[in-house]
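*Asks:*
Protein chains: 2
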Amino acid sequence: MSVTRFLLSENDLPTTWYNVVPDLPKGLPPMLHPGTREPITPADLEPLFPQALIEQEFSTERDIDIPGAVLDVYRQWRPSPLVRAHRLEKALQTPARIYFKYEGVSPAGSHKPNTAVPQAYYNKREGVQKLTTETGAGQWGSSLALACSYFGLECAVYMVRVSYDQKPYRRALMETFGAGVTASPSPLTEAGRAALAADPNSTGSLGLAISEAVEAALNSGGTAKYALGSVLNLVLMHQTIVGQEALRQLELADDYPDVVIGAAGGGSNFAGLALPFLRRQFDGEPAVRLIAVEPASCPSLTQGTYEYDFGDTAGMTPLTKMHTLGHDFRPPAIHAGGLRYHGMAPIVSALKDIDLLEARAVPQLACFEAGVQFARAEGIVPAPESTHAVRVAIDEALECRAAGRSRTIVFSLSGHGHFDMQAYLDYFAGELTD
Amino acid sequence: MSVTRFLLSENDLPTTWYNVVPDLPKGLPPMLHPGTREPITPADLEPLFPQALIEQEFSTERDIDIPGAVLDVYRQWRPSPLVRAHRLEKALQTPARIYFKYEGVSPAGSHKPNTAVPQAYYNKREGVQKLTTETGAGQWGSSLALACSYFGLECAVYMVRVSYDQKPYRRALMETFGAGVTASPSPLTEAGRAALAADPNSTGSLGLAISEAVEAALNSGGTAKYALGSVLNLVLMHQTIVGQEALRQLELADDYPDVVIGAAGGGSNFAGLALPFLRRQFDGEPAVRLIAVEPASCPSLTQGTYEYDFGDTAGMTPLTKMHTLGHDFRPPAIHAGGLRYHGMAPIVSALKDIDLLEARAVPQLACFEAGVQFARAEGIVPAPESTHAVRVAIDEALECRAAGRSRTIVFSLSGHGHFDMQAYLDYFAGELTD
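The structure is reproduced here in structure tokens:
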């Protein structure tokens, strides 16, 4: 059997992040101030973010150096493996070559620490004492909790109620790393109190939890700032370490993808893998199909409109031009909590608008079916979010079989499902719906 | 910062297992038949195990080839990383160099697949259709479930009641891999019914679950055989891939241990890491301190007697000479379910008897304290079993600090605690006792 895992040594760790913004053919529409509706300035973001991150958000540099202290943390698990899914290929009887980039090896079990670590680092460097944030499935919250623990920051997490109830062990993980966790909507903020007044049984949403975390930072008297796990340009940029590694690993495999696939909630997982391949295209290499996969029940890219909208529910964040279902959209309580977001990263939205990526929406049951098939073949139980990419990778491989042609498929296995086993129990019990 | 993770490519995977039996200075006392009390023969074991495994159990060869089909599965996650615990060293302000061999990267999250995979493979090759087994914390059960899924075997797991109740998601993992799971004691076997009659609220024990799994295999009409996750010579041998890799990785680190530490329930985790170092000693290299760590509440090596005893509660297995608390010992329901075993592997017991290893018993609370300290420093939440090794590694490092001398400490981080978060919640809530 040919090689299974393509590994790089920590000396091969990329030392810069890739900023796609200067390469975007039509640029990126500016963020607008929520009060004035004028383009926001770096100064407008100072109450929320440290200087270094604001500079990154507005940067027009193509390559941004990764600080040594961040690389030292990345080394704990990076470079992550690129795995050839030999057994899945065999189970599918497909001539396709399937690779997955496995981010579940990180301490928090997903790609999220790739941005949590630099965000915590830059905040610490600028004297911030505490970070507030929201979390959906808990992947982001546990990543930020870990990063804060590494750099000696306090961490307050607003966790979407439905996940808080479904995933007590995700909460336990955050607490093990030293964070405080509150169910959202909570009585601690104005936004939370308003939501509870409107619906005391609210299961919450990412948009609302963002409102609460932002409000908590703004009301901290300057001691706390806010951290966001997706959507922002800087977050997508931090995640490009994933795709950069994958490119080097595919060189080891002497292969190159025809199609690159990632699940997209806020968009950073998809973008982290896809953007470095897009860069090659900008530099004159042949195009690769890039497929962003979202849940059919929260289809911002495939069904949303491309317009200015708030990032949160209460309208406290800047307005960004993005594919959105409306900031008051309430997604159903599906198990892929990390994909329950009304909007999409401006960068991913801009790429979709000029047809540089494909979007596909897939229903929940078909995703779990793919997740179980993957687990039995490859031994890794995917996070519910990641099963969306697995589903489309399998569909593409089955198309190859039907057409009798080989293709190289690379997808992001963004996290493991060790804290999502209730979802699998529900799936086996026939209690999930589309 | 110097290197953090010492990685080997899959081409560096060891291709043989190390069998310590021919190297034991005083040999190994024979197993005795439970009926006749005469030394058992290979034929006596045929109802339970396939030929190839029986040959391995009795083998006097020093090196046994690993089949290619097994190596192909190992490649999914092996070689596992050896990690320099830079951040833990810093947190402890110790001059010691601490390394851990991390087996949590396996699909089931522990070292157990190292033997589950060859056991499933050899059974399949000899036409067995189904494997029965017991599991404590669930690490072994999920490993065998996975291995059976890879090789197309049915899998029936008897799970110790206390873990079945504490760890529903471990059960979900086994079911995701396709296994059937029954709480032990169960009404399905004579041994289980007897235990339930004696105590309807029995929380079970590994010894009893073994009785049930053995009985189910013996009553299968020849279609099923039994698989054991520890204790046997062949199991310890399969685990030596861990220590062999660690030796090669320490060469990369240009270092060599003064002390090697592993948690010991049945003994295979400890032995898997330690035996290849002992081999070096047999071959004339300087001795390394080998420390087997067990829970204070189930102290077979430190408090048990070295005598012939049954491996199970009901007295169905062969008698082996080992350190034992008595086959009717009922360990308290501590969270390190994988260490709740009344006996100890004959090989480990024989080494203890001639002072080739040290044994240490540590209480539960001190272990969780060490586990949390490790998690906050290194980002990995250890399985409760593994916290026993973490505890002693930290103690050794603190001794180095007190004495102002450096030492090289290598320990086995045998698994992650992703399915054990209830234990951490209980610990934080002050609900655990020693």
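For the protein sequence lines, the chains are D and H, in the order given.
Using UniProt numbering, the first residue of the first sequence is number 1, and each one after it goes up by one.
Using UniProt numbering, the first residue of the second sequence is number 1, and each one after it goes up by one.
Here a beta-carbon is modelled for each residue, glycine too, at the ideal position from N, C-alpha and C.
Keep in mind that this is a model prediction, so the values were computed, not measured.
For I261 of chain D, name the three-state secondary structure that DSSP assigns.
*Replies:* The answer is strand: DSSP assigns I261 of chain D an E or B state.
*Asks:* By DSSP, does F177 of chain D sit in helix, in strand, or in coil?
*Replies:* F177 of chain D falls in the coil class under three-state DSSP.
*Asks:* Are there 16 or more other CB atoms within 10 angstroms of the CB of Q239 of chain H, so buried, or fewer, so exposed?
*Replies:* With 16 or more Cβ atoms within 10 Å of its Cβ, Q239 of chain H is classed as buried.
*Asks:* State the start and end residues of the unbroken alpha helix (DSSP H) segment that holds N347 of chain D.
*Replies:* The identity of residue 347 of chain D in the sequence shown is Ile, whereas the question assumes Asn. Where I347 of chain D is concerned, the enclosing alpha helix (DSSP H) stretches over P346 to D353.
*Asks:* Report the neighbours of I380 of chain H on chain D: residues whose CB is nearer than 7 Å to its CB, in chain order.
*Replies:* Under the 7 Å cutoff, chain D gives P107.
*Asks:* Please identify, using Cβ separations under 9 Å, the residues of the segment 398-419 of chain D that lie next to chain H, in order along the chain.
*Replies:* Per Cβ criterion, the list reads H416, G417, H418 and F419.
*Asks:* Smallest Cα separation from C298 of chain H: which of H:L32, H:D199 and H:I334?
*Replies:* The residue with the shortest Cα to Cα distance from C298 of chain H is H:I334.
*Asks:* Assign L250 of chain D to one of two classes, buried (16 or more other C-beta atoms within 10 Å of its C-beta) or exposed (fewer than that).
*Replies:* L250 of chain D should be labelled buried.
*Asks:* Determine, using beta carbons only, whether L425 of chain H comes closer than 9 Å to chain D.
*Replies:* Answer yes: the Cβ-Cβ gap between L425 of chain H and chain D drops below 9 Å somewhere.
*Asks:* Does any CB atom of chain D fall closer than 9 Å to the CB of V372 of chain H?
*Replies:* Output row for V372 of chain H: interface = yes.
*Asks:* If you follow the beta strand (DSSP E) that V157 of chain D is in, where does it begin and where does it stop?
*Replies:* Where V157 of chain D is concerned, the enclosing beta strand (DSSP E) stretches over E154 to V160.
*Asks:* For T4 of chain D, count neighbouring C-beta atoms within 10 Å of its own C-beta (all shown protein chains included) and say buried if the count is 16 or more, exposed if not.
*Replies:* Label assigned to T4 of chain D: buried.
*Asks:* Quick check: is the beta carbon of V390 of chain H nearer than 9 Å to any beta carbon in chain D?
*Replies:* It does not; no Cβ of chain D falls within 9 Å.
*Asks:* In chain H, which residues lie with their C-beta within 7 Å of the C-beta of G178 of chain D?
*Replies:* Going along chain H in sequence order, the residues near G178 of chain D (Cβ under 7 Å) are R376.
*Asks:* At a cut of 8 Å, does the segment 352-365 of chain D reach the segment 375-392 of chain D through at least three beta carbon pairs?
*Replies:* They touch, by the three-pair rule.
*Asks:* Does F270 of chain D get closer than 9 Å to chain H when you measure Cβ to Cβ?
*Replies:* No, F270 of chain D lies away from the interface with chain H (no Cβ there is under 9 Å from its Cβ).
*Asks:* Could you check where the alpha helix (DSSP H) with K90 of chain D kicks off and where it finishes?
*Replies:* Element bounds for K90 of chain D: H86 to L92.
*Asks:* Are the CB atoms of L153 of chain H and K112 of chain H nearer to each other than 9 Å?
*Replies:* Not closer than 9 Å, so no.
*Asks:* Verify the contact flag: F6 of chain H, CB atom, against every heavy atom of the ligand NAP, threshold strictly below 8 Å.
*Replies:* Of ligands this structure carries none, so the ligand NAP is not represented either.
*Asks:* Would you list the residues sitting across from G415 of chain H in a DSSP beta bridge?
*Replies:* Note: G415 of chain H sits in a beta bridge opposite H:S110.
*Asks:* Can you name the start and end residues of the alpha helix (DSSP H) that L71 of chain D belongs to?
*Replies:* It spans G68 to Y74 - the alpha helix (DSSP H) in which L71 of chain D sits, taken as one unbroken run.
*Asks:* At the level of alpha carbons, what is the spacing between residue 464 of chain D and Y102 of chain D?
*Replies:* Because chain D in this structure spans residues 1 to 434, residue 464 of chain D falls outside the shown range and cannot be described.
*Asks:* If you measure between the beta carbons of S205 of chain H and R330 of chain H, is that distance less than 9 Å?
*Replies:* Yes, the pair counts as a contact, with Cβ atoms nearer than the cut-off.
*Asks:* Give the DSSP-derived three-state secondary structure of P39 of chain D in the structure shown.
*Replies:* Correct three-state label for P39 of chain D: strand.
*Asks:* Checking contacts by CB at 9 Å: is E175 of chain H closer than that to chain D?
*Replies:* Interface residue, yes.
*Asks:* Which full runs of the alpha helix (DSSP H) of 4+ residues lie inside the segment 311-381 of chain H, going along the chain?
*Replies:* Segments of the alpha helix (DSSP H) lying fully in the segment 311-381 of chain H: 346-353 and 364-378.
*Asks:* Strictly below 7 Å CB to CB, what residues from chain D border A172 of chain H?
*Replies:* Those are M421, Y424 and L425, listed as they occur along chain D.
*Asks:* Does the beta carbon of residue 435 of chain D come closer than 9 Å to any beta carbon on chain H?
*Replies:* There is simply no residue 435 of chain D to check, as chain D begins at 1 and stops at 434 in what is shown.
*Asks:* Under 9 Å, Cβ to Cβ, is there at least one residue of chain H near D72 of chain D?
*Replies:* Closer than 9 Å to some Cβ of chain H, the Cβ of D72 of chain D qualifies, so yes.
*Asks:* Beta carbon of T317 of chain H, beta carbon of G304 of chain H: below 9 Å?
*Replies:* Not closer than 9 Å, so no.
*Asks:* Do we get a CB-CB distance below 9 Å when we pair S9 of chain D with the residues of chain H?
*Replies:* So, interface residue.
*Asks:* Determine the chain H residues that contact Q166 of chain D at a beta-carbon separation under 9 Å, and present them in chain order.
*Replies:* Residues of chain H passing the Cβ test: none, with the nearest at roughly 12 Å.
*Asks:* Residue range of the beta strand (DSSP E) that R97 of chain H falls in?
*Replies:* Per DSSP, R97 of chain H belongs to the beta strand (DSSP E) from R97 to Y102.
*Asks:* Take the Cβ of S9 of chain H as the centre, count every other Cβ of all protein chains shown within 10 Å, and call the residue buried at 16 or more, exposed below.
*Replies:* That one is exposed.
*Asks:* Which residues, in chain order, does the segment 145-159 of chain D contribute to contact with chain H at a C-beta distance below 8 Å?
*Replies:* From the segment 145-159 of chain D, only L146, S149 and Y150 have a Cβ closer than 8 Å to chain H.
*Asks:* Does the beta carbon of T132 of chain H come closer than 9 Å to any beta carbon on chain D?
*Replies:* Taking Cβ atoms only, chain D never reaches closer than 9 Å to T132 of chain H, which makes this a no.
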